[in-house]
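For the sequence shown, this note's numbering assigns the number -14 to the initial residue and increments by one for each residue that follows.
The beta carbon of each residue, even a glycine, is placed where N, CA and C say it ideally should be.
What you are looking at is a predicted structure, and each value in this text was computed from that prediction instead of being measured.
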Amino acid sequence: MSELLSEATLDQLFRSARTLNAWLPKEVSDEQLHQLYELAKFGPTSANSSPMRVVFVKSAEAKAKLAPLMSDGNRAKTLEAPVTAIIGTDHEFYEQLPKLFPHADARSWFVGNQPLIDTTAFRNATLQGAYVLMAARALGLDCGPMSGFDNAGVDAAFFAGTAIKSNFVISIGYGDVSRNLFPRSPRLAFDEACKIA
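Given below as structure tokens:
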């Protein structure tokens, strides 16, 4: 049986965590990005499909490619962030299923069924992107997830020649809470969002 996480940990992951819009000039190392992925990869996906592919945009050259593809309101904070992760969805994920789900012929479930491929890929890569966000928070990093960008442009710039399509991006680093931090927006109460059947 798993133990309940501490209140401080729950605060770090959920209650006190915020979407950051400004960043401190503090590096996120390649080692930290490896640690982040090594945590996030263990989150569950259907048939262990693991369709997420990530480009960690860190270099000045890569940022210069990404920046003009971001919406006006997201461009400056993307350039300022130490890293921006492009969360991509591999629509040929099923080719990895003999390795990832070896106890059944799961590849055959998908081959030739584009609607199932697309639905499974998008759903599970989105879920994995959330694991990236939570893994970053668990490692003491802040996040700024965004969806305001030119998907086709990002796909051409970062995923050309592949079956990978961009889903959303997450800026990652050490947030500057003294700048551009909006008051926390309300959340729906349990009875507004849930019912027990």
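Taking 7 Å as the threshold (C-beta atoms), are residue j and residue i in contact?
{"i": "Ile157", "j": "Ala70", "result": "yes"}
{"i": "Ala121", "j": "Leu21", "result": "yes"}
{"i": "Ser132", "j": "Phe107", "result": "no"}
{"i": "Lys26", "j": "Ala142", "result": "no"}
{"i": "Asn165", "j": "Asn59", "result": "no"}
{"i": "Met37", "j": "Ala110", "result": "yes"}
{"i": "Pro83", "j": "Val13", "result": "no"}
My assumption, with CB atoms under 8 Å, is that residue i sits in contact with residue j. Please give the rounded CB distance.
{"i": "Asp127", "j": "Tyr159", "result": "6 Å"}
{"i": "Thr63", "j": "Ala52", "result": "6 Å"}
{"i": "Leu24", "j": "Ala123", "result": "6 Å"}
Nearest by alpha-carbon distance to residue i: which of the options is it?
{"i": "Ala137", "options": "Gly129, Gly73 and Pro10", "result": "Gly73"}
{"i": "Tyr116", "options": "Pro171, Leu101, Leu82 and Thr30", "result": "Thr30"}
{"i": "Gln17", "options": "Gly114, Lys43, Ala91 and Gly129", "result": "Lys43"}
{"i": "Thr4", "options": "Trp94, Leu173 and Leu118", "result": "Leu118"}
{"i": "Gln(-3)", "options": "Glu177, Gly125, Leu173 and Ala182", "result": "Gly125"}
{"i": "Ser163", "options": "Trp94, Val96, Trp8 and Ser1", "result": "Trp8"}
Could I get the ranges of all uninterrupted alpha helix (DSSP H) runs contained in the segment 31 to 102, with 4 residues as the minimum, in chain order? 45 to 51, 57 to 65, 82 to 85 and 92 to 95
Are the segment 143 to 150 and the segment 61 to 81 touching by the rule of at least three beta carbon pairs closer than 8 Å? yes
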